[in-house]
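J.:
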Amino acid sequence: GAVVSQHPSWVICKSGTSVKIECRSLDFQATTMFWYRQFPKQSLMLMATSNEGSKATYEQGVEKDKFLINHASLTLSTLTVTSAHPEDSSFYICSARQPSGRDTEAFFGQGTRLTVV
Amino acid sequence: GESVGLHLPTLSVQEGDNSIINCAYSNSASDYFIWYKQESGKGPQFIIDIRSNMDKRQGQRVTVLLNKTVKHLSLQIAATQPGDSAVYFCAETNTGNQFYFGTGTSLTVIP
C-alpha cells in the first residue's frame, strides 16, 4: 500500500517554542492531506484539511493561528504548533488519500508524539 | 464536526474466540466507512472498508456489517489472536474527502 511518513516521531520542546511536524506521501502525490490530534485513550480528532497550493481548512474550534499548516508541494504538508504549551502535548497524526477515486482508504503516518515541558 | 471521541470502551476475549466490535456513526449522509486498527504509539492501519450500497463485506478473518437504518457498523474478527490486541476505530466520510473517527474500542486478547 501507499506510504505516508511523518517526522519527527517524537519531540520534546519547551513551553513557548514552536515545533514543526512534516508529513510526506512517499509514493504518490496528495493534493489533500489531513491532520489529526489524539489524546491518550481517546479517538482521533480531525484538526484541519491541508490543501496543496491554498489555505488549509480548519475544523471548528481549532485555532488556525496556533496550528499553522503549509502544503507547499504535492508530497509534503507541515504542521507547526506555535508557542506550544503543555496542553498542546498530544499525538499528532497526518493522513493522505491517493487521488485515484472517491472511495479509497486514507493512509496514515506513524504519528508524532509531542511533549511540551 | 462528526462524532467526538470519548474514553475508550474495552473488550476482552479469549484467544480463538470470535470478537465483535461495534460503532455508531452520526452522519446519515456518510457513504463510505473504514475500520482501522491502531497499535500503541502508531498510526492507524486499514483493515476493511465498506460502501453504503452494501450491508456486508468479508475479508480475511474479518467481516464488516453496515446497518444504515440505525447508523451502526460492526467488525467481526474470527478466531481472534493475540496479535489482534489493539484499538479499533471506525471512520466515516460523506464527501469522499475527510474521515471522521468514532470513539474506538480497545481489544485485549487473552492467551
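These protein sequence lines are chains A and B, in that order. FYI, the numbering for the first sequence is 1373 to 1489, going by our numbering. FYI, the numbering for the second sequence is 45 to 155, going by our numbering. A virtual CB, placed ideally from N, CA and C, is assigned to each residue, including glycine. Being a predicted model, the structure only gives us computed values, none of them experimental.
1) Between the region 67-80 of chain B and chain A, which residues of the former have CB atoms less than 7 Å from a CB of the latter, in chain order?
2) Which residue wins for smallest C-alpha separation from residue 127 of chain B, given the options B/84, B/53, B/73?
3) Just how far apart, CA to CA, sit residue 1430 of chain A and residue 1423 of chain A?
4) If you count every other CB in all the chains shown that lies within 10 Å of the CB of residue 47 of chain B, and 16 or more means buried, which is it?
5) Just to check my reading of the structure: residue 52 of chain B and residue 147 of chain B have Cβ atoms closer than 8 Å, yes? What is that Cβ distance to the nearest angstrom?
6) Under 8 Å, Cβ to Cβ, is there at least one residue of chain B near residue 1500 of chain A?
7) Listing by chain order, which chain A residues have their CB less than 8 Å from the CB of residue 112 of chain B?
8) Out of A/1412, A/1433, A/1386, which has the shortest C-alpha to C-alpha gap to residue 1456 of chain A?
9) When the Cα of residue 1388 of chain A is compared with those of A/1454, A/1394, A/1446, which residue comes out closest?
10) Can you pull the DSSP bridge partners for residue 117 of chain B?
11) Does the count of Cβ pairs from the region 1429-1445 of chain A and the region 65-74 of chain B closer than 8 Å reach three?
12) Can you give me the C-alpha to C-alpha distance between residue 1485 of chain A and residue 1408 of chain A, rounded to a whole angstrom?
T.: For this structure:
1) 76, 78
2) B/84
3) 11 Å
4) Only weak support exists for where residue 47 of chain B lies, its pLDDT of 43 falling under 50; the value from the coordinates is given anyway. The residue in question, residue 47 of chain B, is buried, as its Cβ has 16 or more Cβ neighbours within 10 Å.
5) 7 Å
6) What is shown of chain A runs 1373 to 1489, which leaves residue 1500 of chain A out entirely.
7) Going along chain A, no residue has its Cβ under 8 Å from residue 112 of chain B, so there is no contact; the nearest lies around 15 Å.
8) A/1386
9) A/1454
10) B/67, B/110
11) no
12) 12 Å
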